[in-house]
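Numbering (my numbering), first residue to last: 23 to 435.
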């Protein structure tokens, strides 16, 4: 008899779903679509010549390390280099505090795997990164959320929830937030780190975009502020810092890292052993060699120049073509820009009309925990040239006006 697969699926699958963004990207794959939907870096900025040279160098100088099984916590050369990099950025760490993971997404699976039981409470921003919720859902948590304003996550709401709920873990993207692009203010960062430290609740600080700043001054990470509170002792850290090479080198390398107390690193290693044994050895050696040659800063500068120009182009086009009912906050960095329309506008429906006119974006509702956000949407400027950005925004402006007119909400005819 044929296998009845539907009857064999594990109960945990009920908490999982495919990414709404991935489903949208399937629609947006056509070469004639203007792709404001994905969070992909610009492939033309990948350092291909340098990586080609590094691959030859690595296979000549480190063939066994690059091609053999490796340590679960990561290649020692890379962990040592990253510890040095973290210390230079004000995050105290030794190699024993670094765990190499297969992209930041794996970090978002391993941390709840070791810290979260079913019905434990995770505090998140609302909206938040959809990929984090997908990973967390496998472990059956309950979510509580704090709203965002122009200064980032609400510390007042967080203080109340920490008092009223038994929060087990907090997940925050304080710098160039995905999906909103908002950057948390320094005062808000200091207060939130203090609240978490006093409550004894760890924070996952997801920082994939932190080096991609186009205007303004750098702000300390939550991990830096945490270190200032705990005397610079990584073993007393409240903040678990997640960094990645996906937005600065290439996402296909699938190399990211966690900075955490050594006893947490030990637990992560046990969890990771049963998942993939270790992250890709050749990719780790490529990342290490890039750091060894001191090429990362120049690479980041190239990316900043291009993305900054494209961010400017998108903001100017929005000012020129969107009706005044479309509200947005100009991001200081990162990959994303967030638009809010009047209540009553459904951006999922609007996407159908936009896609018919060859423009794609991501409706906002999937990013919200507990519903809402139907009148919001996310766009990226990173992988779209400035002239094409302007063309796409002009089309979207027309689509928005059509939907506002149909809803009787427009004053911009």
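The C-beta atom is built at its ideal place from N, Cα and C for all residues, glycine as well.
Cβ-based neighbour list, residue i, same chain, cut-off 6 Å, excluding 5 preceding and 5 following
i: residue 61; result: 357 and 402
i: residue 112; result: 246
i: residue 435; result: Confidence at residue 435 is low in this model, with a pLDDT of 46, below 50, so its placement is unreliable and the value that follows should be read with caution. Answer for residue 435: no residue qualifies.
i: residue 118; result: 284
i: residue 433; result: Only weak support is given to the placement of residue 433: the predicted model assigns it a pLDDT of 47, under 50, and the question is left unresolved by the model.
i: residue 361; result: 348, 350 and 399
i: residue 54; result: 380
i: residue 419; result: 343 and 344
i: residue 76; result: 308 and 311
i: residue 254; result: 114
Limits of the beta strand (DSSP E) - the one that residue i falls within
i: residue 167; result: 164 to 171
i: residue 144; result: 143 to 148
i: residue 120; result: 120 to 123
Beta-bridge partners of residue i, as assigned by DSSP
i: residue 21; result: Outside the displayed span of the chain (23 to 435) sits residue 21, for which this structure offers no information.
i: residue 266; result: 278
i: residue 57; result: 382
i: residue 192; result: 145 and 225
i: residue 360; result: 400
i: residue 115; result: The partner list for residue 115 (beta bridge, DSSP) is empty, contrary to what the question assumes.
i: residue 174; result: 171
i: residue 19; result: Because residue 19 is not part of the residues shown, which for the chain are 23 to 435, the question remains open.
i: residue 161; result: None; residue 161 has no bridge partner.
i: residue 350; result: 361
Extent of the continuous alpha helix (DSSP H) run through residue i
i: residue 402; result: It is not in any alpha helix (DSSP H) - residue 402 instead sits in the beta strand (DSSP E) that spans 398 to 402.
i: residue 247; result: 244 to 251
i: residue 126; result: 126 to 137
i: residue 87; result: 85 to 89
i: residue 329; result: 318 to 343
i: residue 106; result: 98 to 110
i: residue 314; result: 303 to 314
i: residue 292; result: 284 to 295
i: residue 420; result: 408 to 429
i: residue 28; result: 27 to 30
Cβ shell of residue i (< 7 Å), same chain only, five flanking positions each side left out
i: residue 68; result: 272
i: residue 298; result: 124
i: residue 58; result: 381, 382, 383, 401, 402, 406 and 414
i: residue 305; result: 275, 276 and 277
i: residue 385; result: 369, 370, 373 and 399
i: residue 132; result: 123, 290, 293 and 294
i: residue 421; result: 372, 375, 376 and 379
i: residue 88; result: 80, 81, 303, 304 and 307
Proximity of residue i and residue j at Cβ, strictly below 7 Å
i: residue 200; j: residue 169; result: no
i: residue 429; j: residue 367; result: yes
i: residue 134; j: residue 161; result: yes
i: residue 275; j: residue 103; result: no
i: residue 144; j: residue 183; result: no
i: residue 188; j: residue 219; result: no
i: residue 277; j: residue 335; result: no
i: residue 8; j: residue 116; result: There is simply no residue 8 to check, as the chain begins at 23 and stops at 435 in what is shown.
i: residue 130; j: residue 389; result: no
i: residue 121; j: residue 280; result: yes
i: residue 211; j: residue 196; result: yes
i: residue 325; j: residue 379; result: no
i: residue 100; j: residue 249; result: no
i: residue 270; j: residue 322; result: yes
i: residue 126; j: residue 264; result: yes
i: residue 397; j: residue 426; result: no
i: residue 91; j: residue 154; result: no
i: residue 404; j: residue 64; result: yes
i: residue 391; j: residue 176; result: no
i: residue 114; j: residue 230; result: no
i: residue 72; j: residue 317; result: yes
Contact with chain B by residue i, beta-carbon distance below 7 Å
i: residue 393; result: Within the model displayed, chain B is absent; a lone protein chain is all it includes.
Contacts around residue i, its chain only, beta-carbon distance under 8 Å, and the 5 residues preceding and following it disregarded
i: residue 140; result: 161, 162 and 163
i: residue 137; result: 190, 191 and 224
i: residue 302; result: 124, 275, 276 and 277
i: residue 331; result: 408
i: residue 179; result: 168 and 169
i: residue 2; result: Residue 2 is absent from the model: the chain starts at 23 and stops at 435.
For this session: Decide yes or no for the touch test of the stretch 279 to 291 against the stretch 93 to 107: beta carbon pairs closer than 8 Å, at least 3 of them.
Result: The answer is yes - the stretch 93 to 107 touches the stretch 279 to 291, with three or more Cβ pairs under 8 Å.
Exercise. Does the stretch 187 to 207 come close enough to the stretch 240 to 256 to have 3 or more Cβ pairs within less than 8 Å?
Worked result: The stretch 187 to 207, when compared against the stretch 240 to 256, does touch it at the 8 Å Cβ threshold.
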